Structures are given as structure tokens and as C-alpha cells.
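In terms of the numbering used here, the sequence shown opens at residue 575 and continues consecutively.
Each residue gets a CB set at the ideal place from its N, CA and C atoms; glycine is no exception.
As the structure is a computational prediction, the values presented were derived from the model and not from experiment.
Just below is one structure, and these are the notes that go with it.
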Amino acid sequence: MTKIELNSLTLEELEKYMFIIGEKKYRGEQLFRYIHDNQGNEILDITVFSKGLRDKLERLGKISQMEVFKRFDSKLDSTKKYLFLLEDNNIIEGVAMEYEHGWTACISTQVGCRMGCAFCASTKEGLVRNLSAGEMANQIYTMEKDLNIRINNIVLMGSGEPLDNYENILKFIKIIHDEKGHNTSYRNITLSTCGIVPKIYALADEGLPITLSISLHSPFDEIRKKIMPIGSKYTIENIIKACKYYHDRTSRRITIEYTLIEGVNDSLEDINQLKEVLHNLNCHVNLIPLNPIKEFDKVRSSNSNINRFKRELNKSNISTTIRKEMGGDINAACGQLRRRYTGDIR
Ligand code: SAH
575 MTKIELNSLT LEELEKYMFI IGEKKYRGEQ LFRYIHDNQG NEILDITVFS KGLRDKLERL
635 GKISQMEVFK RFDSKLDSTK KYLFLLEDNN IIEGVAMEYE HGWTACISTQ VGCRMGCAFC
695 ASTKEGLVRN LSAGEMANQI YTMEKDLNIR INNIVLMGSG EPLDNYENIL KFIKIIHDEK
755 GHNTSYRNIT LSTCGIVPKI YALADEGLPI TLSISLHSPF DEIRKKIMPI GSKYTIENII
815 KACKYYHDRT SRRITIEYTL IEGVNDSLED INQLKEVLHN LNCHVNLIPL NPIKEFDKVR
875 SSNSNINRFK RELNKSNIST TIRKEMGGDI NAACGQLRRR YTGDIR
């Protein structure tokens, strides 16, 4: 019998679960608090439960755990990059970054990814498996314990495509937001997607006011398709429509991520078309200088092109920033760290 992963259940689900196994509903809340507020992971240590209940839960369920496999500390700022070892020996990445307003964690949602973006290291070996909600929460709790910090902001921008693991990210968001657990405000959660349109509508209808961030990377479908295979499935026009719907439902301003790649998406024509595309969308553009990887034979745009991009968009009243590089000395692009180390333990 496979054991149920108790830390992947929302409060409501835990309450139902307790009822199903013949316990009082409030035991669900006690267990939820133990896992997500106390960040405990030993069922046998839950002192508010009788020995009988602890034994029963231990037999039926588990609280999944992860270890810090490696940590890389920036010497330039407080950024820490993590490789976490999962129970099945898979490795994932996470990053903790310190800003003026507190710590932000960037977490993974899948082991690998099947989206196939040309410039991204996380996808080069395809999708291995989805992460559970508990494994997403564990990335946060493990960093908090390791650094003795409180994480205020969470970005789903590590390895994986969150909207390709929809059920689990939804549970994770509900769990991490619950005031009886970690109590993270929805406004402090950002989900980044390559643009899986039907799932953007589904997320909008959930009514959770989290920030939606779209990896656009080109305002031309023909170019976008070349660097992002998902572009063949959903057009830019349909992505923007979905973004408008998302904004209408949640009132949240959309973030547009745009990785600048020399000669691919950084010309004046690109700027002008991007203005067209974003015209009428309440959004903020985040320009990301490409982090070169060996499988992608391109370099980042020159500083003057990056600055021109920002200047021109701002001139058209499109709020634009250049992503501040955190941990520049440990700045392996998404997925590169993991790929360097997976060989070690398999
Ligand atoms: N799958 C999601 C989230 C993970 S990637 C998504 O596509 O949004 C997080 C962001 O980093 C995306 O905008 C992605 O396009 C970008 N990215 C990936 N590899 C990169 C690289 N080598 N250089 C710069 N940005 C990169």
C-alpha cells in the first residue's frame, strides 16, 4: 500500500481525511498546524495526538521530506542556491534571495520540464515527474530552517512549468496561503508560465489573486515558435486575451518576462511590435538578459540594446525594469546546477 502524503493535503482535505479514518475533524487542523506552522515532519513526535493515533497515521501516511544536497552561497550578496535531494533521489533546484522587503524564494514545480524552450537548461532532459504540493512547500521550509529566515515572497519560476502540474500547484498555493500554516499572502506569490492558455483561464476562475507572469520572449509568433515550442499551440494574441481575462478576474497586474537574446528578439522592430501587443494590457515588463547555456548557440543582448529596450517601452508608458541579477557569481541559469550534479548520485 502506498502511504498518503499528508503534507500535500489542504486543511480541508486533512479534516476530511481524519473523518474518513474515524477521527474527529479537528485533528486535521492539528496535523495541518504541526506540518505547516511548526514545520514538523515526524508523525511519531506529534505530542497532541495519542500514541494510538500517531501509530495509525504512521501506518497509513507520511510527511515527505527533502535534504539540502548542496548549497551555493554568493559572495556578492546574500543569494543562496540550493540543490535539494528528494526521497526518490531526484534533485531539484531552489533559490533564496534577499531584497529590502525580505526574502524571496524561487522554487521548482517539476523535476525537469517538457516545454522544450530552446534557451532553458531545465528542459534539456525532458520531464522526469511532477512535484507534489508537499514537495513545493518543503523547498520553502527547508530554506527557512537552513537560513533561519522567514520567506515573504514565493515565485514559481524554478524548474518546470507550473501550469503543466496544475492540480498540485493549486494545492500548494492554497496550503502555503492558509493562515493556519505558513500564511503567505496571495499577493506575494507569483506564478510564471510559458503560456498554457486554457490553464490561465482556469487559474483566473479560481479567484486567487496571485501574480501571473508570462514568459513572452518575442512579440512575433514566428520567432516565438522557434524558441518556445508551446508557441505553436497558443498564439500571442490568445495569450494576451487570457491575460486580460486574468486581470479582469483578479485585478492583478500581469508581469511579462522578456529574455533578451542578441539578434533574436532585441531589435527596434521587436520593440515596436511588443508595444502593439501590450497596448491595452495592464502589465509590467521584466527584461531578463539571457543566461547563456551550451545547448543554445546565442548570447545576451548588449547593454546598450537592453537599455534601449527599457527606454523605448517606458516612453510608451509601459512600465519596464531590467531584472536585477542576484548571486551573479553563482549565476548558472535555471536547471544548470541540477544538471551538473544529477550524474553524481544516480
Ligand atoms: N516554465 C515557467 C517557469 C520557469 S522559467 C516559464 O516558462 O515561465 C522562469 C523564467 O526564466 C522564464 O521566463 C524563462 O523563460 C526564463 N529562462 C529560462 N532559461 C533562461 C536563460 N537561460 N536565460 C534567461 N532566462 C531564462
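- Query: For V702, which residues from the same chain have a beta carbon less than 8 angstroms from its beta carbon, with the 5 sequence-adjacent residues on both sides left out?
  - Reply: Translated into the one-based positions of the sequence shown, residue 702 becomes position 128. Only N664, Q684, V685 and G686 meet the Cβ criterion.
- Query: Name the DSSP beta bridge partners of E667, please?
  - Reply: The count along the sequence shown starts at 1 and reaches residue 667 at position 93. Its beta-bridge partners are L657.
- Task: Report yes if the CB atom of T829 is closer than 8 angstroms to the CB atom of S787, and no otherwise.
- Result: Within the sequence shown, residue 829 is the residue found at index 255, counting from 1. Within the sequence shown, residue 787 is the residue found at index 213, counting from 1. Against a cut-off of 8 angstroms, the Cβ pair of S787 and T829 comes out as a contact.
- Item | CB contact flag (P793, I810, <8 angstroms) | The residue you call residue 793 lines up with position 219 of the sequence shown. The residue you call residue 810 lines up with position 236 of the sequence shown. Closer than 8 angstroms, so yes.
- Query: Taking all protein chains shown into account, do 16 or more other C-beta atoms lie within 10 angstroms of the C-beta of F658, making it buried, or fewer, making it exposed?
  - Reply: Numbered from its first residue, the sequence shown carries residue 658 at position 84. Answer is buried; the Cβ neighbour count reaches 16.
- Looking at S887 and the ligand SAH, is the gap between the Cβ and the nearest heavy atom below 7 angstroms? Here the question's residue 887 lines up with position 313 in the sequence shown. Checking the sequence shown, residue 887 turns out to be Leu, not Ser. No, since every heavy atom of the ligand SAH falls outside the 7 angstroms radius drawn around the Cβ of L887.
- Message: Using only CA atoms, which one of Q604, E579, N722 and I578 lies nearest to E589?
- Response: For this step, residue 589 is matched to residue 15 along the sequence shown. Per the Cα distances, Q604.
- Query: Is the closest heavy atom of the ligand SAH to the C-beta of C568 under 7 angstroms?
  - Reply: This structure gives no information on residue 568, because the portion of the chain shown stretches from 575 to 920.
- Query: Quick one: any contact between the stretch 882-890 and the stretch 811-829, if contact means 3 or more CB pairs under 8 angstroms?
  - Reply: no
- Message: Following a CB-centred definition, is F693 positioned closer than 7 angstroms to any heavy atom of the ligand SAH?
- Response: For the purposes of this step, residue 693 is taken as residue 119 along the sequence shown, with counting starting at 1. F693: yes, Cβ under 7 angstroms from the ligand SAH.
- Task: Can you have a look at M575 and say buried or exposed, based on whether 16 or more other CB atoms are within 10 angstroms of its CB?
- Result: Translated into the one-based positions of the sequence shown, residue 575 becomes position 1. Exposed, by the Cβ-count rule.
- Query: Is the stretch 868-877 close to the stretch 603-619, with three or more CB pairs under 8 angstroms?
  - Reply: no
- Message: Only counting the same chain, and skipping five residues up and downstream in sequence, which positions put a Cβ closer than 6 angstroms to that of I770?
- Response: Residue 770 sits at position 196 when you count from the first residue of the sequence shown. Contacts found: L737.
- Item | C-beta atoms of I637 and L580 nearer than 8 angstroms | Your numbering for residue 637 matches position 63 in the sequence shown. Your numbering for residue 580 matches position 6 in the sequence shown. A contact, by the Cβ cut-off of 8 angstroms.
- Query: By Cβ distance, which residues of its chain are closer than 7 angstroms to R897, with the 5 residues on each side in sequence left out?
  - Reply: Reading the sequence shown from its first residue, position 323 is the one you call residue 897. Correct list, in chain order: N860, L861 and I862.
- Query: What is the DSSP secondary structure of H610, counted as helix, strand or coil?
  - Reply: Translated into the one-based positions of the sequence shown, residue 610 becomes position 36. Correct three-state label for H610: helix.
- Verify the contact flag: M731, CB atom, against every heavy atom of the ligand GTP, threshold strictly below 7 angstroms. With respect to the ligand GTP, the structure shown offers nothing to examine, as its ligands consist of the ligand SAH.
- Message: Just to confirm the assignment, what range does the beta strand (DSSP E) spanning Q639 have?
- Response: Here residue 639 refers to the residue found at position 65 of the sequence shown. No beta strand (DSSP E) contains Q639, which DSSP labels as neither H nor E.
- Query: Where does H751 sit, in a helix, a strand or coil, going by DSSP?
  - Reply: Against the sequence shown, residue 751 aligns to sequence position 177. The answer is helix: DSSP assigns H751 an H, G or I state.
- Item | Alpha-carbon to alpha-carbon, F623 and R688 | Translated into positions along the sequence shown, residue 688 becomes position 114. Translated into positions along the sequence shown, residue 623 becomes position 49. Between R688 and F623, the C-alpha separation is close to 42 angstroms.
- Message: Applying the 10 Å Cβ sphere with the 16-neighbour rule, what's the burial state of S806?
- Response: Residue 806 sits at position 232 when you count from the first residue of the sequence shown. Result: exposed.
- Item | Contact test: E718 Cβ vs the ligand SAH heavy atom, cutoff 7 angstroms | Start at 1 with the first residue of the sequence shown, and residue 718 comes out as number 144. No, Cβ of E718 sits at least 7 angstroms from all heavy atoms of the ligand SAH.
- Leaving aside the five residues before and after C768 along the sequence, list all residues of the same chain whose C-beta is less than 7 angstroms from its C-beta, in chain order. As a working note, residue 768 is residue 194 in the sequence shown. Here the set comprises M689, C691, E735, S789, M802 and I804.
- Message: Please state the DSSP three-state secondary structure of G708.
- Response: Translated into positions along the sequence shown, residue 708 becomes position 134. If DSSP states are grouped into helix, strand and coil, G708 belongs with the helices.
- Using 7 angstroms as the cut-off, classify the Cβ of E831 as near or not near the heavy atoms of the ligand SAH, replying yes or no. One-based indexing of the sequence shown puts residue 831 at position 257. Yes, Cβ of E831 sits closer than 7 angstroms to a heavy atom of the ligand SAH.
- Task: Output the distance between the C-alpha atoms of I728 and E597, rounded to the nearest integer angstrom.
- Result: Here residue 728 corresponds to residue number 154 of the sequence shown, with the count starting at 1. Here residue 597 corresponds to residue number 23 of the sequence shown, with the count starting at 1. I728 and E597: Cα-Cα distance of roughly 34 angstroms.
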